[in-house]
Amino acid sequence: MPVPSESPPPVETTEDDVRPKPSPFERKFVSVESEEALRFKDEVADCLRCLNAPETNEYGRLVQEPQPLTDDQVEKAASIFARRWKLKDGLSEVAFKGLLLILEHLLAYEVTNHASLTLYDVNAGRNRLRELFAAVPGLRASLLAKHAKRFEEAYHHMLIRRMNSSSLAGSQAASENSVLDFLADQSDNEEESADREANRSAEGIAHVKALRRCTSTDTGSPPRSPLQSQTSVTDSSLPAPDSVLSGALSAGHFQERVITVSNAPPVSLRKKDKEWEIGQGSGGLVSCCEPVMNKDPGNVWLACFGPNVPLRTPSRCDTPLPPPTNSLGLPLIKKVDANVYLSMLQDPAKDEDAGVMKEIREQMSLLGVFRAYNKENYQLNPVVVAENDYNTYYGGISNGLLWPAFHNLPEYIVKDYADPKLLQDHWYSYVRVNYQFAINAVRNSRPQDFLWIHDYHLLLTGLIIQSLDTNFEVGFFLHTPFQPPAEFFTDFKAIAVAVLRGMTRFTKVGFQTHRDRSTFVSLVGEHLSNARIEYVAKTDSYQVTHEGWTTSVGVFPVSIKNEEFLALATDPEVQNKAKEIRNTYIGNSSKGKFFFSCERFDYTKGIKEKLVAFKRFLEKHPERHGIDVLFQVAVTNRRAVESYRDYQDCCSALVDKINSSFSDPKRPEWKPVVLQTDGLPRKYVVAHYLAMDVGVVTPIKDGMNLVAKEMLICNPSASLILSSGAGTEQQFGSSGFYTDSRRCYHRVENINDTEEFADLFYAAAIEDKETVEANGKLLHEFLLANDIEKWSGSFLDPSWTHEVIQSVELKTLKDFYTLMFQTRTARRHIVDRVVKGFPIRHHFALSLKNAKQSLEAACEPGTHIMPLGTGFETEGVARLDVSDEIRQLELDLSFLEFVQSEEYDNLEQFLRYLAMSHPEGSESFFNEVDNATQLMYRGDHFQYFFTDRDGTLKSYACSYNSSIEPAYSAVIQATFANRCTQYAAILTSAPLLNYGILDMVVLPDGYFCYGASIGREWYIDATKKFKDKSISEKEIALLEQVAADVQQQLQLPEFQMFNWIGSGLQKHYGHITVAHQDCYDSVSPEASRKWIDRIKELVRRVDPEGTYLELYEGKTDVRVLLHSHSTGKVFTKGDGIRLFAQEMNLDLACGNVLVCGDSDTDLPMLREMLSINPENTYTIWVACPAAHCHHPSCDQLKRQVKELCESYGNKNYVFVSSPLVLLGAMAQATIREIRIRPSVEGRRDSLDMYRIYPMED
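Under UniProt numbering, the first residue of the sequence shown carries the number 1, and numbering increases by one thereafter.
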């Protein structure tokens, strides 16, 4: 590319003189930001002058002014550059340089400032980059392409180095490297040299030949496995930056991480001697999630530390921060008084307020604590919430309404919520806090991550996350019960229904017990009238679809990390402590029982009922005085909530009453109940487990209650009293541990039944040792087999969700078509993620593998013939050859392996894999690719690309309804269309919908236009559709009559097979297609001819004179076509191209044209383009080019193409043997630099609005 001069060139200069200088990303950083801002302004104005943009004069005036460009001016310039770049004309490179200038400026100089495109918090990693891509339309697709990984990681580490080179006072960056310097660091010279060598067409052909040499022609040995990669660009090759409190990218940048989101953090923070200390958190949620989180240091835990930890900015009216934004840079919430205030955002030394300085220093100290923790563990990032909102969200709605409601304790719902205004205000706070969590989750996540939301505090985050970015997989697990009373849906209907709707917007939802899941499913069916609920027996899950969103609902009983408790239970120090405990409370009594209970001081735990029952036990059995002790650990919490405070005070008074009512003269020191309201360190809790004789776990309602499991893992020789309200009891009961013949624990059916409860205390006290140990052993073994690893693995496993195609038994045609359409959905997701540069999730491969296995299992042994029920009495079984369907799934599975490889040449590797499937070997494949690629290189860039689909881009399948476009093919087509063409269109005889072309393709909108019904009806995108208007109502009625007659004949036993052969009966706009044969010639010639004759007879009945209808007999189908009013001829694909050009206002004589087809019905496309643009038309045909092939249809088609081209003096034609070869050539054509760009001269102003370049949302 020519290098322009420093001074801005005049508008009249030639193209060689209009390139702006200096080149962005190839220069050193300017330390003085004000100088760079002025240079940036000059360069933007320079680019606009080169484009001769209308805004040139405005920016020319700005150059003379001393102030830098405003955010609005930058955004406006970016929009101008983006629009011009999309034209792909002679000046698009200038526009692209302008886009690069803006990107460089924002990345290099606005990291430490609050510009209009930046986030208000410290998250300056990939999410910032995604925001910039969204702010500059089309930039990602152009700049990154196959270099996306290296670019983003280079940017990330440049940013980290800038941060690490800065002091906490926010000094200027010391880095003097450019982004390209970092790119060079991550790739060796040979690879970069290879890239440059492939830029020209001749050298590109040599590259194809090199690919061929890499593939064995004799043995067909496979290419190197991605697992054996020796690539120069891998995640692990990058330096590991210091951890920062920002959700920054780890070394495993492209690995799937778990992003756990919970209200409570997994650690505790306390201040001691002016220093912050971080300690291990407690609770069931922490116990469940920490083992998963500790597996990968890149995992992220987002949690709120509450208002007592100073992670918020002091009120500063003089320096307002910009409002929070989503990943697209759009404002979300107006409230901005809750932000992390770190050194990278402001220099504390510049702040004269001593109070503010003190708070900033305190936050810096706290930041150090977090950084130290993140170096040794997963990444712990705080979610900062405004204090007022947090108090009402946590103490109000969460614990004053949802907690008692979910536990079916309506009497504990805050009475003040009878006031609608107060309830509404508090609910708004709950929504705002959920919004804040959702925003943080999106900012800290990448598309391949799994977001795991926990518990009732965050019921709306899934709905909000999906509204921000639909690419995330978001799971939710409810740790509490789900047993809301009826009055919850009457007194608080608006909130209750919102909760149900929010829960149906997660990808998957997990409950502790079947009881809770059944309640949820029942309530969804009752209150969400449009919801569709389906039970999947194979995975024991429900699929709930509501408002276009499907969630999978499963049951996953939480467990514990057995190894940690077993290690403590065998620790000599802990065992000695257990002996001390027994000696202290039981003494030398051999008959005494040590009852132990440990939980939070919560009204759902049944502590009061337990104390009342124990008191009754002592009253009924005075012989137990002096020997039995109930040690109750009830950790005080939520004292600020009135209902908790009253309950805790009541229980404490009850303990005092019991201890004063019972005594033993022989043991004056004996107290029947010991109440401890402070928590115990874990090893002391385990010591009490070892010391106990009977564990007592009797909540009114509980999600699972892991204490019961901890007790039996540590001490299988202990007995257990367990209430039916505990999720653990539900799990034990459903597993057969409490039956009429075997009762491995004492179950309290109703904890309010004091007599029953007291009797169970007594039964446990006198139970013989052998029975206790036998029962304990069974439960202990069960818990060993169902630990926390199994729980987390089961929930995180995607195979049970609706996103994965399940292996099914195919019995009918409907089953078969349903399965193939499920693969279409999976393939669409694959293609969408690949073309956007998003990593592929594991469950896509699992889906395709299950689909392939289902097809193979349904086939007759040793064949690909699949017998299926048809629903007809006579022809009860259809025998379909599904070889192509299975083969395409195999290719897609291989494609997924290659596309996920870190190999720089993974596309070339996949081409070598395709070459092995060529019937004449890899050498023949690459010879054909050579020929086709040379033709494409000669054309270089095609203004128009018109192609057929079936037989050209996609091999024929046994049935059109199963002819789903493979993912690998769609990706190659998208890449080719985007890089090598201006307008790409597929013309097909199939209809648009109702088993039409739009049902079969998996490409996102914007890459291809679709001309269905031989080009009579067109789909450009969702907003642009048109059709041929020359068909009269009478003609439509005639076609409808023929279709009805054909449909009636298809019910006859002799013709029933033609319902499922090939395309069957297809009604198009302007013609009808009726299949008489499939691609495997499975129908006998006699049966085929008989059916053709019957169709001819039906057409003659409707149009005896042949005035309106004409019959075309093809190799596999018969078409009933309409005559044109004006010419008397039938509508062809050439007419379809003409209609497309007319409606789109296109000049087909401008630029190079590529036409591809495989049959004589595609010839009118070629004829049309040769008549308009004979010199610049290039064409590739799928018709066996082998010299020894003399199949009549191949010879005839090749002769027709050759004669047609040469009649116009055109020799730009090539023949290939299969769609795979054509796709290989299209793929190869993209691995180069496009040398020419079409001129904008002759283009009409309306063109650019229809050329769509898909971008990341």
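Just so it is clear, CB atoms sit at the ideal spot from N, CA and C, and this is done for glycine as well.
Problem set entry | Where the alpha helix (DSSP H) containing residue 421 begins and where it ends | Within the sequence shown, numbered from 1, the residue matching residue 421 stands at position 421. That run of the alpha helix (DSSP H) goes 420 to 443.
Problem set entry | Neighbourhood of residue 98 by C-beta, 6 Å cutoff - its chain only, sequence neighbours within 5 removed | Residue mapping note: residue 98 aligns to position 98 of the sequence shown, counting from 1. Only 47 and 81 meet the Cβ criterion.
For this session: Would you mind listing the beta strand (DSSP E) stretches within the segment 546 to 591 that are 3+ residues and don't spill past its ends, in chain order?
Result: 549 to 555
For this session: Indicate the three-state DSSP secondary structure (helix, strand or coil) for residue 1036 in the structure shown.
Result: Residue numbering aside, residue 1036 sits at position 1036 when the sequence shown is read from its first letter. Looking at residue 1036 - three-state DSSP - the assignment turns out to be helix.
For this session: Compute the Euclidean distance between the alpha carbons of residue 774 and residue 723, then round it to the nearest angstrom.
Result: Mapped onto the sequence shown, residue 774 falls at position 774. Mapped onto the sequence shown, residue 723 falls at position 723. Approximately 21 Å between the Cα atoms of the pair.
For this session: For the beta strand (DSSP E) containing residue 982, list its first residue and its last residue.
Result: For the purposes of this step, residue 982 is taken as the residue at position 982 of the sequence shown. Element bounds for residue 982: 981 to 987.
For this session: Please check the pair residue 445 and residue 389, which I expect to be a contact at CB under 8 Å, by giving their CB distance rounded to whole angstroms.
Result: Counting from 1 along the sequence shown, the entry for residue 445 is found at position 445. Counting from 1 along the sequence shown, the entry for residue 389 is found at position 389. Not really, about 23 Å apart at Cβ, beyond 8 Å.
Problem set entry | Nearest-angstrom Cβ-Cβ length linking residue 1018 and residue 910, presumed shorter than 8 Å | The count along the sequence shown starts at 1 and reaches residue 1018 at position 1018. The count along the sequence shown starts at 1 and reaches residue 910 at position 910. Actually they do not touch by this definition, with Cβ atoms about 32 Å apart.
Exercise. In whole angstroms, what separates the C-alpha of residue 412 from that of residue 402?
Worked result: Within the sequence shown, residue 412 is the residue found at index 412, counting from 1. Within the sequence shown, residue 402 is the residue found at index 402, counting from 1. Distance between the alpha carbons of residue 412 and residue 402: 10 Å.
Exercise. How long is the line joining the alpha carbons of residue 615 and residue 379, rounded to whole angstroms?
Worked result: Taking the first residue of the sequence shown as 1, we reach residue 615 at position 615. Taking the first residue of the sequence shown as 1, we reach residue 379 at position 379. Roughly 48 Å between the two C-alpha positions.
Problem set entry | Contact the segment 800 to 818 vs the segment 854 to 867: 3+ CB pairs below 8 Å | yes
Exercise. Who are the Cβ neighbours of residue 395 in its own chain at under 7 Å, not counting the five residues just before and after it?
Worked result: Translated into positions along the sequence shown, residue 395 becomes position 395. Taking residue 395 as the centre and dropping the five residues before and after it, the same chain places the C-beta of 640 and 641 closer than 7 Å to its C-beta, in chain order.
Problem set entry | Per-residue burial, residue 736 [other beta carbons within 10 Å of its own, 16 or more giving buried] | Mapped onto the sequence shown, residue 736 falls at position 736. By the Cβ-count criterion, residue 736 is exposed, with fewer than 16 other Cβ atoms from all chains shown falling within 10 Å of its own Cβ.
Exercise. How many Å lie between residue 507 and residue 1114 at the Cα?
Worked result: Counting from one through the sequence shown, the residue named residue 507 turns up at place 507. Counting from one through the sequence shown, the residue named residue 1114 turns up at place 1114. Residue 1114 has its alpha-carbon roughly 47 Å from the corresponding atom of residue 507.
Exercise. Do residue 989 and residue 1068 come within 9 Å of each other at the CB atom, strictly closer than that value?
Worked result: Working through the sequence shown from its first residue, we reach residue 1068 at position 1068. Working through the sequence shown from its first residue, we reach residue 989 at position 989. The criterion of a C-beta distance shorter than 9 Å is satisfied by residue 1068 and residue 989.
For this session: Take residue 678 and list the residues in its own chain whose beta-carbon comes closer than 8 Å to its own, dropping the five residues that flank it on each side.
Result: The residue labelled residue 678 in the question sits at position 678 within the sequence shown. Excluding sequence neighbours, residue 678 sits near 635 and 636.
Exercise. Below 9 Å between beta carbons: does that hold for residue 629 and residue 674?
Worked result: Stepping through the sequence shown from its first residue, residue 629 is reached at position 629. Stepping through the sequence shown from its first residue, residue 674 is reached at position 674. A contact, by the Cβ cut-off of 9 Å.
Exercise. Is residue 294 buried or exposed, if buried means 16 or more other CB atoms sit within 10 Å of its CB?
Worked result: By 1-based counting over the sequence shown, the position of residue 294 is 294. Its Cβ having fewer than 16 others within 10 Å, residue 294 is exposed.
Exercise. Are residue 1165 and residue 1136 closer than 9 Å when you measure CB to CB?
Worked result: Along the sequence shown, read from residue 1 onward, the residue named residue 1165 stands at position 1165. Along the sequence shown, read from residue 1 onward, the residue named residue 1136 stands at position 1136. Going by C-beta atoms, residue 1165 is nearer than 9 Å to residue 1136.
Exercise. For residue 754, which three-state DSSP category applies?
Worked result: As a position in the sequence shown, residue 754 is number 754, starting the count at 1. Helix.
For this session: Tell me, please, whether the CB atom of residue 507 is closer than 9 Å to any CB atom in chain B?
Result: This model lacks chain B altogether; it includes just one protein chain.
For this session: Give the single residue among 538, 526 and 545 whose Cα lies nearest to the Cα of residue 532.
Result: The residue labelled residue 532 in the question sits at position 532 within the sequence shown. Among 538, 526 and 545, the Cα nearest to that of residue 532 is on 545.
For this session: Inspect the beta-carbon positions of residue 1300 and residue 1112 and report whether they are closer than 9 Å.
Result: The chain is shown only over 1 to 1257; residue 1300 falls outside these bounds and no answer can be derived.
Exercise. Which of helix, strand or coil does DSSP assign to residue 941?
Worked result: As a working note, residue 941 is residue 941 in the sequence shown. The three-state secondary structure of residue 941, taken from DSSP, is coil.
Exercise. Any idea if residue 1190 is buried or exposed, counting beta-carbon neighbours within 10 angstroms, 16 or more meaning buried?
Worked result: Position 1190 of the sequence shown, counting from 1, holds the residue named residue 1190. In this predicted model, residue 1190 has a pLDDT of only 48, less than 50, meaning its place in the structure is not dependable; the value taken from the coordinates is given anyway. Classification of residue 1190: exposed, given that the 10 Å Cβ count is below 16.
Problem set entry | Reference residue 266; option with closest CA among 259, 277, 289 and 580 | Here residue 266 refers to the residue found at position 266 of the sequence shown. Ranking the options by Cα distance to residue 266, first place goes to 289.
For this session: Count the CB pairs spanning the segment 977 to 997 and the segment 841 to 856 that are closer than 8 Å, and state whether there are at least three.
Result: no
Problem set entry | residue 742 - DSSP class collapsed to helix/strand/coil | Counted from its first residue, the sequence shown places residue 742 at position 742. Reduced to three states, the DSSP call for residue 742 is coil.
For this session: Pull up the distance between the alpha-carbon of residue 524 and that of residue 1229, whole angstroms please.
Result: Residue numbering aside, residue 524 sits at position 524 when the sequence shown is read from its first letter. Residue numbering aside, residue 1229 sits at position 1229 when the sequence shown is read from its first letter. C-alpha separation (whole angstroms): 53 Å.
For this session: Please determine, among 1118, 434, 1223 and 268, the residue with the shortest C-alpha to C-alpha distance to residue 370.
Result: As a first step, residue 370 must be located in the sequence shown, where it is residue number 370. Here the closest residue by C-alpha is 268.
Problem set entry | Per DSSP, the bridge partner or partners of residue 392 | Along the sequence shown, read from residue 1 onward, the residue named residue 392 stands at position 392. DSSP output for residue 392 lists no bridge partner at all.
Exercise. Going by alpha carbons, who is nearest to residue 1052 out of 1091, 1024 and 731?
Worked result: Taking the sequence shown and counting its residues from 1, the one referred to as residue 1052 is at position 1052. If we check each option's Cα against that of residue 1052, 1091 comes out closest.
For this session: Determine the contact status of residue 296 and residue 562, defining contact as a CB-CB distance below 9 Å.
Result: Position 296 of the sequence shown, counted from the first residue, corresponds to residue 296. Position 562 of the sequence shown, counted from the first residue, corresponds to residue 562. The answer is no: Cβ separation not under 9 Å.
For this session: Using only alpha-carbon positions, find the residue among 905, 420, 853 and 877 that is nearest to residue 883.
Result: Indexing the sequence shown from 1 puts residue 883 at position 883. Of 905, 420, 853 and 877, the residue nearest in Cα terms is 853.
For this session: Enumerate in chain order the residues of its own chain whose CB-to-CB distance from residue 621 is below 7 Å, with the five nearest sequence positions on each side excluded.
Result: Along the sequence shown, one-based indexing puts residue 621 at 621. Correct list, in chain order: 762.
Exercise. So, is residue 404 buried or exposed, given that buried needs 16 or more other C-beta atoms within 10 angstroms?
Worked result: In the sequence shown, the residue the question calls residue 404 occupies position 404. Under this definition residue 404 is a buried residue.
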